[in-house]
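Scroll down for the structure; my scribbles are underneath it.
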Amino acid sequence: MITVIGSINMDIVCQTEVFPKQGETVLGNRFETVPGGKGANQAVAATRLGGKVKMVGAVGQDSFGPVLIDILKNEKMDVSSVQMAPTSTGIANILLFEQDNRIIVVPGANNYVTPQLVDANEQVIKESKLVVMQLEIPVETVEHTLKLCKKHGVPVLMNPAPARNFKTEWMEDITYLTPNETECELIFHEQIETSLQAYPNKLIVTLGDEGAMYHNGEHIVKVAGFRTTAIDTTGAGDTFNGAFAHKICEGADVEEAVQFANVAASLSVEKFGAQGGMPTIEQVEARVEESRL
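The numbering used here puts the sequence shown at residues 22 to 314.
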């Protein structure tokens with residue numbers, strides 16, 4: 022079982038052809054609310070690929086909370102450890118303009134993913150094949166979970182976003198760290214190749230449509246991505262992490278897991294929304310088969 026401890030958000034997306042100046046009101050041309058939060062996204066990605074997933078998180082007592090719980094239930098994951106917090110649900114306010122985005126995240130109920138909530142799920146963690154975390158929950162919860170996983174010998178996959186919350190001393194207790202290029206440089210303050218060499222088979226740096234790379238203990242391995250026509254890249258990194266986690270739990274080595282995750286991520290960008298394009302195992306296998314023809 023994969024246990025995901027992380028954020029659950031509702032993404033509020035506005036698209037405009039005119040970016041407003043300070044104090045200016047403009048008309049937009051698209052509005053949607055779509056489920057998000059890096060924790061929920063990665064849980065959905067792993068579940069759709071066939072993983073047995075338990076989500077540990079929190080939503081608020083507003084209209085978004087029950088909707089998001091129902092969405093996760095429909096994905097056939099265990100949501101019994103998602104609590105209702107006495108506040109608003111976390112949101113990400115996303116402004117889309119000329120194929121770029123600007124995002125304001127309000128954590129809301131995600132701040133209630135506390136060490137106490139983690140302790141209440143200690144037996145779940147103990148029985149997990151892998152614990153997956155991100156940094157959209159309180160730092161003290163992340164630190165507490167790392168100690169608990171170390172106590173029980175449970176491996177941890179951490180996706181360090183937002184990277185400014187990451188502490189390098191955590192590396193000793195992390196099994197897999199999956200930053201993108203920008204996050205990697207922000208965390209380690211050195212060339213990516215130097216960081217990779219320092220953390221063989223632990224640090225996996227994602228490269229967008231170029232794939233990902235890591236050091237296998239002898240040399241740097243670059244695993245090529247699958248080229249596709251992107252509609253919306255939101256959630257591609259989360260798909261990569263969910264897919265990587267699932268494949269590792271199946272017994273794959275790092276290279277096999279990265280290859281699988283690259284294929285899943287390439288499919289995820291072909292539809293709108295962070296969770297909208299996350300593929301099933303059948304879709305991933307079909308793309309792999311196409312690549313062999």
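Think of the CB as a built atom: it goes at the ideal place given N, C-alpha and C, for glycine as much as any other residue.
According to the DSSP secondary-structure assignment, I112 is paired through a beta bridge with M31 and V127.
Taken in chain order, the whole alpha helix (DSSP H) runs of length 4 or more contained in the stretch 24–71 are 59–69.
Nearest C-alpha to H173 among K147, V284 and Y133: K147.
Q63 sits buried, since 16 or more C-beta atoms from the chains shown fall within 10 Å of its C-beta.
The beta carbon of F40 sits closer than 6 angstroms to those of F118, all from its chain and outside the five residues before and after it, given in chain order. DSSP, reduced to helix, strand and coil, places H173 within a helical segment of the structure shown. One thing to note: K268 has its Cβ no nearer than 8 angstroms to the Cβ of A286. At a Cβ-Cβ threshold of 8 angstroms, S109 and D140 do not count as neighbours. N95 sits exposed, since fewer than 16 C-beta atoms from the chains shown fall within 10 Å of its C-beta. Distances from the alpha-carbon of V163 to those of F187, Q144, P176 and V175 put F187 closest. Taking a contact to require three or more Cβ pairs closer than 8 angstroms, the stretch 41–55 and the stretch 64–76 do not qualify as touching. Taking 8 angstroms as the cut-off, the beta carbon of M105 is found no closer than this to the beta carbon of V77. Note: A79 is bridge-paired with Q104 in the DSSP secondary-structure output. Taking 3 residues as the minimum length, the beta strand (DSSP E) runs contained wholly in the stretch 200–248 are 233–236 and 241–244, in order along the chain.
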